[in-house]
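*Asks:*
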Amino acid sequence: MNELVVKGNVIYTKGMERFEVFENSYLVAIEGKVEGIYKELPEAYRGLPIEDYGNRLIIPGFVDLHIHAPQYLQRGLGMNKQLLEWLSDYTFELEKKFKDLDFARKAYEYFAEDLVASGTLRACIYASSSTEATETLFEILKEKGIGAYIGKVNMNRNAPEAILESTEDSLKGTIYLIRKYKDEPLVKPIVTPRFAPSCTQDLLDELGKIADIYHLPVQSHLSETKREVEWVRELFPNAKNYLDVYGKSGLLRNALMAHAIYMEEEEIMEVKKRDVFLIHCPDSNINIRSGIMPVREYLNRGLKITLGSDVAGGHRLALNDAMARAIQLSKLINMQSPELEPLRVSEAFYMGTKAGGAFFGKTGSFETGYFFDALVIEDHPLVAELYSIEERLEKFLYTGNSQNIYARYVEGKRI
Ligand code: GUN
Ligand code: FE
395 MNELVVKGNV IYTKGMERFE VFENSYLVAI EGKVEGIYKE LPEAYRGLPI EDYGNRLIIP
455 GFVDLHIHAP QYLQRGLGMN KQLLEWLSDY TFELEKKFKD LDFARKAYEY FAEDLVASGT
515 LRACIYASSS TEATETLFEI LKEKGIGAYI GKVNMNRNAP EAILESTEDS LKGTIYLIRK
575 YKDEPLVKPI VTPRFAPSCT QDLLDELGKI ADIYHLPVQS HLSETKREVE WVRELFPNAK
635 NYLDVYGKSG LLRNALMAHA IYMEEEEIME VKKRDVFLIH CPDSNINIRS GIMPVREYLN
695 RGLKITLGSD VAGGHRLALN DAMARAIQLS KLINMQSPEL EPLRVSEAFY MGTKAGGAFF
755 GKTGSFETGY FFDALVIEDH PLVAELYSIE ERLEKFLYTG NSQNIYARYV EGKRI
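Its first residue numbered 395, the sequence shown is counted upward by one per residue in the working numbering.
(1) Taking only three categories from DSSP, how would you classify V670?
(2) Does DSSP classify F630 as helix, strand or coil?
(3) Taking the continuous beta strand (DSSP E) assigned at A801, which residues delimit it?
(4) Can you tell which of P454, R786, L398 and V581 has the C-alpha that lies nearest to the C-alpha of L435?
(5) Rounded to the nearest angstrom, what separates L442 and A633 at their Cα positions?
(6) Which same chain residues end up closer than 7 Å to S592 when comparing Cβ atoms and leaving out the 5 residues on each side of it in sequence?
(7) Indicate the three-state DSSP secondary structure (helix, strand or coil) for T568 in the structure shown.
(8) Over the uninterrupted beta strand (DSSP E) stretch that includes D458, give me the two end residues.
(9) Does L398 come out as helix, strand or coil in the three-state DSSP assignment?
(10) Quick check on DSSP: helix, strand or coil for K807?
(11) Can we count S678 as close to the ligand GUN, meaning its CB is less than 7 Å from some heavy atom?
(12) Can you determine whether any heavy atom of the ligand GUN sits closer than 7 Å to the C-beta of T700, and answer yes or no?
(13) Tell me where the beta strand (DSSP E) around I540 begins and ends.
(14) Kindly indicate which residue of F765, R786 and R808 has the alpha-carbon position closest to the one of E425.
(15) Could you give the distance in angstroms between the alpha-carbon of L713 and the alpha-carbon of A463?
(16) Compute the Euclidean distance between the alpha carbons of R647 and M687, then round it to the nearest angstrom.
(17) Heavy atom of the ligand GUN less than 7 Å from the Cβ of F753, yes or no?
(18) Across which residues does DSSP place C518 in a beta bridge pair?
(19) So does T525 have its beta carbon nearer than 7 Å to some heavy atom of the ligand GUN?
(20) Could you give the distance in angstroms between the alpha-carbon of T568 and the alpha-carbon of M651?
(21) Cβ of L629 within 7 Å of any heavy atom in the ligand GUN?
(22) May I have the straight-line CA-CA distance separating F416 from I604, to the nearest angstrom?
(23) Per DSSP, which one or two residues make a beta bridge with Q722?
(24) Quick check on E628: buried or exposed, where buried means 16 or more other Cβ atoms within 10 Å of its Cβ?
(25) Cutting at 6 Å between CB atoms, please list the residues of its own chain near N403, excluding the five before and the five after it.
(26) Using only the alpha-carbon positions, how far apart do A731 and I607 sit?
(27) Please list the segments of the alpha helix (DSSP H) lying wholly inside the segment 437–498, counting only runs of 4 or more residues, in order along the chain.
(28) Using a threshold of 8 Å, state whether the C-beta atoms of N728 and M473 are closer than that.
(29) For the alpha helix (DSSP H) containing V739, name the first residue and the last one.
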């Protein structure tokens, strides 16, 4: 049997309201899953080798539900633009280059290495429209040992010819990748219409059928900017609203929707009914001035809110940065509307671990039965001496980076 005992200061969130803290304790994982956390190691586990992390923190790995892998090279550029201009002036130009497989391999290696370094152990990733380059990304991420969903991006209109495909080719490439990777244990396919304006109705309808036939999840963008919402209304006059474009095509069964800043009441109710995962991407929303997701209001209404870096709308991969930024943005809202409480540290942490982790099954927490997907955090000895476990985690979220990450585990295996 595959048994693992790690020792250190274990901290995670079971609910959003507070942290669960186990100072100087033993965590036992069996077959990759958490069995329990103990102050004294139970008799049954004595004699097993202990990976002793001393005074370091042991926290759940980060879960990033929205990243564009090809855009990693573009971080920090075009940040004076808004979404649609930024897409056409920077993003689409860069995504053209991913037809060159040698370029794609180098760019995706760079991305994957930094992703793992940053502490993200589960991610939902957009590749480009190139089927071959997407295949390359699957192979690279399989090597890294983290969990991921990867989508070849479907687009058959409203972008430069070089990155568009016919409906038929777009579907053919999608099915090829699904058949090749659907039974992989850690890196799996996800249906990825870029966003409604990139796809014709027939492409969306066919993608909905594919998601249904192969029982696959779907990821896309929803109501990121006001202009985009207007455009969707013009392009799909028969839909009730933006969300309904996806709903009509059967794309909301197991869906991730990024941004969702400008939803109508009817959309909010439908998101709740369909149990859609909404992804808050704070850096991106600031950088390209999209708006601010009303996170507190959504949480009050019981919506499922998770976190994404949205590289390269977001300029940083590290999800601890996204957690801190989500808190900062919630304070801006609070300064305007004092009745909307800012996010607590435990709430932001929960969004980027357990809430997002639910998309992958049981990860993002250390409750019994959850996968042991973990980061070991090392902070400065003086910080460790001065502050509580909870304060040390808070400090890491605001000021930490990959250099503070001492070890990484996915399903109980050190990677
Ligand atoms: N909407 C459609 N495509 C994109 C993209 O690549 N990034 C962001 N932030 N929004 C989008
Ligand atoms: Fe995005």
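We put the beta carbon where it would ideally sit given N, CA and C, even for glycine.
*Replies:* According to the data block:
(1) coil
(2) coil
(3) I799 to V804
(4) L398
(5) 60 Å
(6) M549, R551, N552 and A553
(7) helix
(8) F456 to H462
(9) strand
(10) strand
(11) yes
(12) no
(13) Segment: none, I540 is in no beta strand (DSSP E) and carries neither H nor E.
(14) F765
(15) 15 Å
(16) 23 Å
(17) no
(18) Y543
(19) no
(20) 19 Å
(21) no
(22) 45 Å
(23) Bridge partners of Q722: none, in fact.
(24) exposed
(25) E417, L451 and I783
(26) It should be noted that the sequence gives Ser, not Ala, for residue 731. Between S731 and I607, the C-alpha separation is close to 46 Å.
(27) 477–480 and 486–490
(28) no
(29) V739 to Y744
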